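A quick write-up on the structure given underneath.
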Amino acid sequence: MRPGRASLVLLLLFGCLAAQLAAAAARTPLRRRLAEQPQEQPVPAEFVVTNETLSALLERTASPHEAVIFTTTRLPANPQAELEMMSNFCFFLDRAGVLGHTLLLTTHNASWHQLNAKGFPVILDRVFPEREEYQQGVQPGDTPNRVFDVQKHYWGATIIARGFRALYMDSDAIVLQDPLPTFRPDYDVQSISDWSGDAPELPRVGDTLTASCQLYKWIPDARTPTGAVLREFWRYGPGDAERALHSQNPCASTGTWYLEPTPVAIRFMAAMRDHLLDPATRFQWDQTAWNEVIVPFLWGVGDEPPLRYRLLPARSFFGGVGNYEVRVRQGLPVDPVVLHSGGLHGGQKAQTYARLGFWHPDFSLPARPKPGVGGSFAARPQPMLSSNTTASSNDTATAVAAKEAAAQPEGSVQQAGSPSGKRASPGAPVGPIAMDAAIAIILACTALKVLLIPTYRSTDFEVHRNWLAITHSLPITQWYYDETSQWTLDYPPLFAWFEWTLSHAAAWFDPAMLVVSNLEYASPATVLFQRLSVIATEGLLLFAAAHATRKRPRAVRLAALFLVGANPGLLLVDHVHFQYNGMLLGLFTLSMVAAAEERHLLAALLFSALLCFKHIFLYAAPAFFVYMLRRYCRGPQAVLRFVALGTIAAGVLGLSFGPFVAAGQLPQLLRRLFPFARGLCHAYWAPNVWALYAAADKVLSLALGRRGTTATMTGGLVGVAEFAVLPQIGSGATALWTLAAMAPCLLRLWRRPEPRAFPAAVLYCTLCSFMLGYHVHEKAILMVTVPLAVMAAAGLMPDGRRAAADFLFLSTVGTYSLFPLLFEPEEYPIKVLLLVTFNVIAATWLPQLPLETDKAAGGSKGCKRGGNHGSSRAASGSSGALPLIPWERLYLWGLVALELATSWVLPLLLGERLPFLPLMAVSLYCSLGMLHAWRRLAQLTW
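Pasting the structure below:
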């Protein structure tokens, strides 16, 4: 862009920003702006939030989970009791390590000064449109809404409209462990129940709620648009028959609730906010309003999806102290996260908390530093944590480092209270990735791949050039018959059509590459085109990583882009050795995510297409088949759904194979796809069970003085080789062993077809095929390592942090096992630096991410329930290292010794003798690591 045009664009952007700020100021009522003028002691601008500074405040405060905890308050003239309760509230937030992610919001100048004096993170709220009528009831008997009762719902709507998660708690609640990892991202709204203050359990699904929540009922009221309103039944006396209608609502408490920034949650909170601002309904108690407004959202209207609503488990979230004490007395499981003193009034709350040992009325923090100048929240200091907090400094550092400027979401109507015009994106409930950081990662990875263009190319480069020429220059009837080159077309038809598509672009670079007889042709234009085609098509994998993690915190989404974009194994295989694995793994990942999100027909379409691109993904087919059959094909429409799945799969296969079947070429095509004459092991042994088997045969043959009758297993050539001592292994035997290894996982998936367990089952079945398959190539390990990184980041593995550790271990071993593919001296520093640099960044970044532990995930196998607060802390991303066991760390350091021995010591000692020995050492050592990773996945899926 020319300098003059750039200046014009900058001026236009500046003008739009100025107009936006002016419009926001114009929308602020004069009475409101006058009210903002200090009438008592002034409040520093850094601690006053306005519509203009709101986004900066939320970004500064949010946890690594992109969640903001908040409460609203207004202290009375005699504030002693309320100050003690707020001190108790902040004490437990501080002890749980989340006070730094909490906002105390008040519209009252004097309240701000009283709370700030105790060092609490109080903010003077100039976003909420305060009105005098919120202090008044409409008629005797009405429940008046105080300012902060309406303010909390206004802020809930505002926070999620800005793309953050929101956790509201009344200040008379206490947190006994970090609450954020305990909320499930697959629900839009979660709240504490308000039924039966001394009952130990919530009603089960299918039970009538009539006996469990005798709290609300509908009554006629002409003042409301619907002509009725939900009110507390006890105001009208027990025995009122109309109270049975209360079962239509969830009987939720508004003392604690958690919101995901999904479009339906944003619409619900906007409706709740508007309901309490409407003069016709502003008199209604906010809790009854909540249970009334939410009803139509629970089933959805028209094309709108229903609200996914969850009453939080009774063992961890207590709407009243009575619930907690009953469970303790009855010996029921208790894992307290939030305890709310619902049903108690005045001094009863303090007395009850003191009796239980949960009372700290004198807690305060050191006075906060004097605010910086300039009136910007960018200079606002973080709320300080006391010495007894359980959060480490890494937690705060991660929260700050993970925050980028919030981009505008897309696709929803503008939300009230958001003058900046930010919109909620249906596709990204947590808010979009900060585009500058995401683009920086993508550009850096792309630049690295461009730098690798001149590096070594394997014979696979000529393979794909030949396929370009075949599909472009020959009729379709000759594609699978042509033998001009030894590198014949042996991928399924969709990949052949993919090569045909690329060939039309290749003609613009160098038409000579499309001549079938130009064997080993590699002009600079040909190299450039083929390298760029790999880089471009790998965009599908980057999209898959972004799509899979779209509901995750921003730091996790950025990490997922890095883990796939800079994956050293993928860089070595695709961008040096040369293949198109990135595109195929992107399709593989998308199919797994679609199935885990229960979009079964889309998953069937994607996976069927994937099989028609590269049939090696049959490794994962058993897990897909069992999961789809048991998860989707059930209920009254089971047969219809099975037919739908079959139709999709048959349709994709028909479009792909149909032309060749019609031409009578199916037998020839199958011979190309399944060339069993290649032998059990590849020229270089893939690090699997058969590598150990071949090594054992080699040792026995040397000990017994026997040799194989045909090719030797260490000859370095592709072909059928016989073992000298151990029994021969055929393709049928490997298939049986593979299915036997998959069987326990498939049986569990059959019995419990859970979406969260599905990706792990797919990866386990794929690894089974790698460990036991026939003629497995070492490059196939990418089918496990790359999707594992995405699944761990997407929260689709049973234990996110352990999955991240498994990824780092397996990726390191798998990548190192690929080193023999790049044997030229020029590539030696490249492969070493790629692996070391990636591992240093990943080992530093992954421990700081908010990945779920077993506890946060809802308790997978092996998770101990109870007071293990450490798991919550780990889930929040404050742990200093991934949970690698000492044996794993020692093994990984052993790779350094192995590399020194095989690349430096043995060549000097042996010279030209025993050239296969270093390769065998690498294969055997990596096989041991693969066995350990295989066992780890088996523990998750059996």
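Residues -24 to -1, 1 to 918, numbered by mature numbering (1 follows the signal peptide of the UniProt record, and there is no 0), are exactly what the sequence shown covers, in order.
Just so you know, even glycine gets a beta-carbon here, dropped at the ideal spot from N, CA and C.
The model shown is predicted, which means the values in this text are computed figures rather than measured ones.
Its chain contains I150 as the residues whose beta carbon lies nearer than 6 Å to that of F334, once the 5 sequence neighbours on both sides are disregarded; these appear in chain order.
Pairwise C-beta distances place the region 74 to 81 in contact with the region 38 to 53, as three or more of them are shorter than 8 Å.
The alpha-carbon of V762 is positioned some 12 Å away from that of K755. Following the DSSP letters along the chain, one finds W863 inside the alpha helix (DSSP H) bounded by residues 862 to 876. Residue burial annotation: N54 is exposed, with fewer than 16 other C-beta atoms found within 10 angstroms of its C-beta.
For F474, the uninterrupted alpha helix (DSSP H) segment begins and ends at 469 to 485. Counting along the chain, the unbroken alpha helix (DSSP H) around L646 starts and ends at 642 to 649. Look at the region 22 to 66 and you find these whole runs of beta strand (DSSP E), each 3 residues long or longer: 43 to 48. Within the region 219 to 269, the runs of alpha helix (DSSP H) at least 4 residues long that lie entirely inside it are, in chain order, 239 to 253, 262 to 269. Assignment of Q90 by DSSP, reduced to helix, strand and coil, places it in the helix class. Pairing Y432 with E803 gives a Cβ-Cβ distance under 7 Å. Per DSSP, Y285 is one residue of the beta strand (DSSP E) stretching across 285 to 287.
Judged by DSSP in its simplified three-state form, C609 adopts coil rather than helix or strand. The C-alpha of V615 lies about 28 Å from the C-alpha of W918. Here the alpha carbons of R526 and V532 stand approximately 9 Å from one another. About 22 Å separates the Cβ atoms of F519 and H440, ruling out a contact at the 8 Å cut-off.
The three-state secondary structure of M759, taken from DSSP, is helix. The beta carbon of K128 is closer than 7 Å to those of T48, Y144 in its chain, skipping five residues each way along the sequence. Around the beta carbon of I270, 16 or more other beta carbons sit within 10 angstroms, so the residue counts as buried. Here Y163 carries a coil assignment [DSSP, helix/strand/coil].
Between S793 and W910, the alpha-carbon positions lie close to 16 Å from each other. By alpha-carbon distance to G622, the top candidate from G611, W275, L605 is L605. Close CB contacts of S63 within its chain, under the 7 Å cut and outside five residues either way in sequence, are with K94, H336, P337, D338, F339, S340 (chain order). Per DSSP, A897 is one residue of the alpha helix (DSSP H) stretching across 893 to 917. Assigned with DSSP and collapsed to three states, F339 falls in coil, not helix or strand.
Note that the C-beta distance between M568 and L516 is not below 7 Å. The C-alpha of R102 is placed about 49 Å away from the C-alpha of F564. Taking all protein chains in view, the Cβ of H321 is surrounded by fewer than 16 other Cβ atoms within 10 Å, so the residue is classified as exposed.
Rounded to whole angstroms, the gap between the alpha carbons of Q824 and L702 is 48 Å. In this structure, V760 lies near L743, with their beta-carbon atoms less than 7 Å apart. DSSP places Y144 in the strand class (E or B) of the three-state scheme.
Taking the CA atoms as reference points, P643 sits about 39 Å from R682. The residue from G655, A535, R728, V602 with its alpha-carbon nearest to that of Q704 is G655.
Fewer than three pairs of CB atoms, one per stretch, sit closer than 8 Å, so the region 857 to 866 makes no contact with the region 568 to 578. As the crow flies, the alpha-carbon of L860 is around 26 Å from that of F159. CA-to-CA, the gap between V25 and H908 works out to about 53 Å.
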